[in-house]
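Novice:
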Amino acid sequence: MVPDEDKDLVRRSLRGDRQAFELLVTKYQQPLFNYFGRLVQERELSQDFTQEVFLRAYAALHTYKEKYQFSTWLFRIASNLLIDHWRKKKLSLVSIDAEVDSEDHRPLQLPDYEPPVSEAYEKRELMEKIELAISRLPEALRELFVLRHMNDFSYEEIAAIKRLPVGTVKNRVFQARELLRSRLEER
Amino acid sequence: MSCPELASIYAYLEDELSAEDRRQLEEHLKTCPACRRLLADRRIFLEASSSLPELELPPGFSRRVMTCLPPLKSPFRLWLWLAGGAYLLFSLVVIGLALGTRTSLFPVCLQIFKSLYNLAADLSSLIIGLSQQAYGLIKALRILVGVVAGLLIDVFPAGSLGLAALVLGGALSLVLLWPLLRSVNYLTGDKK
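As structure tokens, this is what we get:
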């Protein structure tokens with residue numbers, strides 16, 4: 072992602088150049104669809120949400136401040152949309168600031184022994200298991216895991232999207248990984 | 010060096026460790042097969058996590074988005090147009106008046122100028138009137154607070170009044186801060 076290129080496209084879009092905004096749509100449609108696809112788990116709904124993010128972004132484009140990266144601004148809109156959706160569905164939402172359930176909480180220290188999942192599965196099989204296990208993560212942890220691994224955002228960028236301290240993000244991503252990995256051991 | 014925390018293993022794999030921590034961990038790995046096995050396992054796990062396939066978007070998705078776009082909003086544009094329009098109108102009127110009484114434009118320009126002048130005068134009166142009313146309201150409130158305070162002093166002893174003021178002040182502060190605290194205590198930390 073080239074931030075300056077994005078800012079130029081935003082400036083052109085604000086001057087009424089729709090082609091410039093279409094370039095932004097083309098650039099970010101796949102990352103957004105991957106994000107919603109893994110978090111919502113419904114194809115049609117993920118498409119609708121991806122489209123909705125662009126519509127909201129276009130309507131609010133004049134409020135975008137160039138000191139932020141466009142990608143983090145766009146994903147902040149996506150994240151808010153997702154949280155609204157989860158709220159409406161009244162899912163058991165785990166607060167980002169709350170501890171993960173005690174049975175899921177993984178120690179920060181090294182375990183005495185654990186079966187290496189890398190030996191148990193071939194890479195393709197491991198990826199399929201991870202895909203399935205992602206859907207069973209608590210929503211808030213799943214979102215951070217997806218932002219980190221599917222969208223390749225840095226911890227700093229995720230912190231900017233979620234408006235959380237970088238340390239908290241690192242800790243949550245760590246918890247998400249270990250929780251997910253522990254579920255891979257359940258054969 | 011004793012076995013590192015699991016978080017440090019991830020930090021090492023993601024190149025997030027300082028040069029010194031990295032060197033120490035590499036030294037430890039040379040002598041600890043358990044940590045080496047764990048590192049290899051987490052490396053494969055991270056690689057697999059980051060190489061999941063992309064989900065397939067339907068063809069022509071961006072076109073579909075573009076056809077649904079709302080009108081572009083810009084709160085400043087309307088003000089710019091209004092200010093620019095007013096400036097242009099005023100300039101035309103001044104030019105019309107400057108050309109003198111012999112042109113047919115003069116009466117029209119004079120009429121517009123008079124209308125603009127009256128509009129400005131009315132707006133000024135309105136602003137002055139509103140300011141006077143606001144000043145009157147503040148004065149009335151001040152008198153009311155004085156009367157209430159006088160009554161309270163007659164009824165309660167000075168010590169309990171201080172405590173009551175403290176409690177009231179605290180409650181008011183909470184009421185004012187509540188929307189702020191509530192909006193920050195949201196999953197994203199976003200202010201709604």
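Sequence lines, in order, name chains C and H.
The first sequence finishes on residue 258 if you use the numbering used here, and the numbering steps up by one all the way, no holes.
The second sequence finishes on residue 201 if you use the numbering used here, and the numbering steps up by one all the way, no holes.
Yeah, the Cβ is synthetic: ideal placement off N, Cα and C, and Gly gets one too.
Since we're looking at a predicted model, the values are computed, not measured.
(1) Would you identify the three-state DSSP class for proline 67/H, choosing helix, strand or coil?
(2) Which residues mark the beginning and the end of the alpha helix (DSSP H) in which asparagine 222/C is found?
(3) Using C-beta distances below 6 Å, list every residue in its chain close to alanine 169/C, excluding the 5 sequence neighbours before and after it, in chain order.
(4) Using a beta-carbon distance cut-off of less than 8 Å, what residues from the segment 126 to 146 of chain C approach chain A?
(5) Flag this pair as touching only if the segment 91 to 104 of chain C and the segment 39 to 46 of chain H have three or more C-beta atom pairs under 8 Å; answer yes or no.
(6) Give the DSSP-derived three-state secondary structure of tyrosine 139/C in the structure shown.
(7) Closer than 8 Å, Cβ to Cβ, to anything on chain H: give me those residues from the segment 90 to 108 of chain C, in chain order.
(8) Nearest-angstrom Cα distance between glycine 138/H and tyrosine 126/H?
(9) Taking the continuous alpha helix (DSSP H) assigned at leucine 255/C, which residues delimit it?
(10) If you draw a straight line from the C-alpha of isoleucine 102/C to the C-alpha of arginine 213/C, how long is it?
(11) Over the uninterrupted alpha helix (DSSP H) stretch that includes threonine 121/C, give me the two end residues.
(12) List the endpoints of the continuous alpha helix (DSSP H) containing glycine 159/H.
(13) How would you list, in chain order, the residues of chain C whose beta-carbon sits under 7 Å from the beta-carbon of glutamate 63/H?
(14) Could you work out which residue in Pro62/H, Leu101/H and Ala49/H is closest to leucine 119/H when comparing CA atoms only?
(15) In chain C, what lies closer than 8 Å to arginine 73/H by C-beta?
(16) Span of the alpha helix (DSSP H) holding cysteine 77/H?
(17) For threonine 40/H, which three-state DSSP category applies?
(18) Is the separation between the beta-carbon of isoleucine 232/C and that of phenylalanine 245/C shorter than 8 Å?
(19) Hey, could you find the ends of the alpha helix (DSSP H) arginine 89/C is sitting in?
(20) So if I threshold CB-CB distances at 7 Å, which residues from the segment 192 to 206 of chain C count as touching chain H?
(21) Chain H partners of histidine 220/C, CB-CB under 7 Å?
(22) Just checking: is the beta-carbon of arginine 252/C within a distance shorter than 8 Å of some beta-carbon in chain H?
(23) Name the chain C residues that come within less than 9 Å of cysteine 77/H, Cβ to Cβ?
(24) Give the straight-line distance between the Cα atoms of glutamate 115/C and threonine 97/C, rounded to the nearest whole angstrom.
(25) Under a three-way DSSP split, which group does glutamate 224/H fall into?
Specialist: Walking through what the data contain:
(1) In the second sequence, residue 67/H corresponds to position 58, counting from 1. Correct three-state label for proline 67/H: coil.
(2) Here residue 222/C refers to the residue found at position 151 when the first sequence is read from its first residue. Looking at the DSSP string, asparagine 222/C is not in any alpha helix (DSSP H), and its letter there is neither H nor E.
(3) Against the first sequence, residue 169/C aligns to sequence position 98. For alanine 169/C, the pLDDT reaches just 48, beneath the cut-off of 50, and the residue's location in the model is therefore unreliable, although a value from the coordinates is still provided. The answer is none, since no qualifying residue turns up.
(4) No chain A appears in the structure shown, which is made up of the protein chains C and H.
(5) no
(6) Here residue 139/C refers to the residue found at position 68 of the first sequence. Coil, per DSSP.
(7) Phe92, Glu93, Val96, Thr97, Gln100, Gln101, Phe104, Asn105 and Gly108
(8) By one-based count along the second sequence, residue 138/H stands at place 129. By one-based count along the second sequence, residue 126/H stands at place 117. In a straight line, the C-alpha of glycine 138/H is about 18 Å away from that of tyrosine 126/H.
(9) One-based indexing of the first sequence puts residue 255/C at position 184. Element bounds for leucine 255/C: 237 to 255.
(10) Numbered from 1 along the first sequence, position 31 holds the residue referred to as residue 102/C. Numbered from 1 along the first sequence, position 142 holds the residue referred to as residue 213/C. Reading off the sequence shown, one finds proline at residue 102/C, where the question assumed isoleucine. Cα to Cα, the separation comes out at about 16 Å.
(11) For the purposes of this step, residue 121/C is taken as residue 50 along the first sequence, with counting starting at 1. Counting along the chain, the alpha helix (DSSP H) containing threonine 121/C begins and ends at 114 to 130.
(12) In the second sequence, counting from the first residue as 1, residue 159/H sits at position 150. Unbroken alpha helix (DSSP H) run through glycine 159/H: 114 to 164.
(13) One-based indexing of the second sequence puts residue 63/H at position 54. Going along chain C in sequence order, the residues near glutamate 63/H (Cβ under 7 Å) are Gln101 and Asn105.
(14) Indexing the second sequence from 1 puts residue 119/H at position 110. The residue with the shortest Cα to Cα distance from leucine 119/H is Leu101/H.
(15) Along the second sequence, read from residue 1 onward, the residue named residue 73/H stands at position 64. Those are Gln122, listed as they occur along chain C.
(16) On the second sequence, residue 77/H is found 68 positions in, with the first residue counted as 1. Premise fails: cysteine 77/H is in no alpha helix (DSSP H) and is neither H nor E.
(17) In the second sequence, residue 40/H corresponds to position 31, counting from 1. In the structure shown, threonine 40/H sits in a helix (DSSP, three-state: H, G or I).
(18) For the purposes of this step, residue 232/C is taken as the residue at position 161 of the first sequence. For the purposes of this step, residue 245/C is taken as the residue at position 174 of the first sequence. Result no, Cβ atoms of isoleucine 232/C and phenylalanine 245/C do not sit closer than 8 Å.
(19) Counting from one through the first sequence, the residue named residue 89/C turns up at place 18. Counting along the chain, the alpha helix (DSSP H) containing arginine 89/C begins and ends at 89 to 111.
(20) Lys194, Leu197, Met198, Ile201 and Glu202
(21) To locate residue 220/C, count along the first sequence from 1; it is residue 149. Ser58 and Ser59, listed in chain order.
(22) As a working mapping, residue 252/C is identified with position 181 in the first sequence. Chain H, which has a Cβ nearer than 8 Å to the Cβ of arginine 252/C, makes this yes.
(23) Translated into the one-based positions of the second sequence, residue 77/H becomes position 68. Correct list: Gln122, Phe125 and Leu126.
(24) Translated into the one-based positions of the first sequence, residue 115/C becomes position 44. Translated into the one-based positions of the first sequence, residue 97/C becomes position 26. When rounded, the distance between both Cα atoms is 18 Å.
(25) Absent from the structure is residue 224/H, since the part of chain H shown begins at 10 and ends at 201.
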